[in-house]
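A.B. asks:
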Amino acid sequence: MPAKDRLRLVRAKRAASRSVDPRGHRVGCLIACAGGEEFLGATASRTRAIGSTCAERMALDQWYFDRSHPAPVVCYLVGNFMRESWKKHFVCTPCGTCLEMFLELFVDQNLDKLKFICGSWDLKRVLVADLDELFPQFGKGGWPYETKGVR
1 MPAKDRLRLV RAKRAASRSV DPRGHRVGCL IACAGGEEFL GATASRTRAI GSTCAERMAL
61 DQWYFDRSHP APVVCYLVGN FMRESWKKHF VCTPCGTCLE MFLELFVDQN LDKLKFICGS
121 WDLKRVLVAD LDELFPQFGK GGWPYETKGV R
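Numbering (this note's numbering), first residue to last: 1 to 151.
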C-alpha cells in the first residue's frame, strides 16, 4: 500500500478517537479530493430522537459545506465496535445508508469512480474497493443510473 494511503488510514483512525458513542464504538473517516484536500469525520451516536451521524456523513458534509474543492475521489474508513463478536482485525466498511449517500454524491457530481480504502482497527488488514463493488446491484440493469449516461 502506498505510504500516502497508509497515512490517511492512520489519520482516519485518529479521527475515530473523537467519536461520541455511549457504547464506546469508534469510527473515523477521511475523505480525500482530487486536489489533495481532506475532510475528517467521526461517529456521533445519540440515544434520543435526534439520531446519529456516521463518520462518513460528517466528513462528506464538511465537503458539501465548503464546496470550493474538487469532488471526493477516495473514502478512508477505520472502525472498532464494542461488541462481543467484533475483533480488532475485522475491516469496517460503510453501512447501507452511507453507501446510498455516496451513490447520491456519485450521481450529483457525475463521478467516474469513487474508491474506498477500509482498514481494520489494528491496520493490518485493508480492503480496497470501488463504490460499485460495495453497493448492491439492482435488478437486471446492474449498477443504478448506468442507463442514464452517468457511468
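Cβ atoms here follow ideal geometry from the backbone N, Cα and C, with glycine treated the same way.
Just so it is clear, the structure is predicted and the values come from calculations on it, not from any experiment.
Please list, in chain order, all residues of the same chain as A15 whose beta carbon is under 6 angstroms from its beta carbon, the five residues on each side excluded.
C.D. replies: G28, L40 and A42
A.B. asks: Is L105 near L60, with beta carbons less than 8 angstroms apart?
C.D. replies: Yes, these two residues count as a Cβ contact at 8 angstroms.
A.B. asks: Give every residue of the same chain whose Cβ lies closer than 7 angstroms to the Cβ of A71, excluding the five residues on either side of it in the sequence, and list them in chain order.
C.D. replies: Once the five neighbours on either side are set aside, the close Cβ partners of A71 are C33, A34, Q109 and L111.
A.B. asks: Taking contact to mean 3 or more Cβ pairs, one atom from each stretch, closer than 8 angstroms, check whether the segment 85-99 and the segment 63-70 are in contact.
C.D. replies: Touching, no, given that fewer than three Cβ pairs across the two stretches are closer than 8 angstroms.
A.B. asks: Is the beta carbon of L9 less than 8 angstroms from the beta carbon of L123?
C.D. replies: For L9 and L123, yes; Cβs fall inside 8 angstroms.
A.B. asks: Please check the pair L77 and F135, which I expect to be a contact at CB under 8 angstroms, by giving their CB distance rounded to whole angstroms.
C.D. replies: Their Cβ separation, rounded to whole angstroms, is 14 angstroms, which puts L77 and F135 out of contact at 8 angstroms.
A.B. asks: Specify, as a first and last residue, the run of the alpha helix (DSSP H) that L111 falls within.
C.D. replies: Segment: none, L111 is in no alpha helix (DSSP H) and carries neither H nor E.
A.B. asks: Give the straight-line distance between the Cα atoms of V150 and E84, rounded to the nearest whole angstrom.
C.D. replies: Note that V150 scores 47 on pLDDT, short of 50, meaning its location in the model is unreliable; the coordinates nonetheless yield the value given after this. If I take the Cα positions, the gap works out to 42 angstroms.
A.B. asks: Going by DSSP, what residues sit across from L60 in a beta bridge?
C.D. replies: Answer is none; L60 lacks a bridge partner.
A.B. asks: What number of angstroms, rounded off, separates the C-alpha of R18 from the C-alpha of H25?
C.D. replies: Going from the Cα of R18 to the Cα of H25 covers about 11 angstroms.
A.B. asks: Reducing DSSP to helix, strand and coil, say where C75 ends up.
C.D. replies: Correct three-state label for C75: strand.
A.B. asks: May I ask you to report which of helix, strand or coil DSSP gives R26?
C.D. replies: strand
A.B. asks: Excluding sequence positions up to five away, which residues of its chain have a Cβ less than 6 angstroms from the Cβ of T53?
C.D. replies: A44
A.B. asks: Kindly identify the DSSP beta-bridge partner or partners of L123.
C.D. replies: BP columns for L123 are empty, so no partner.
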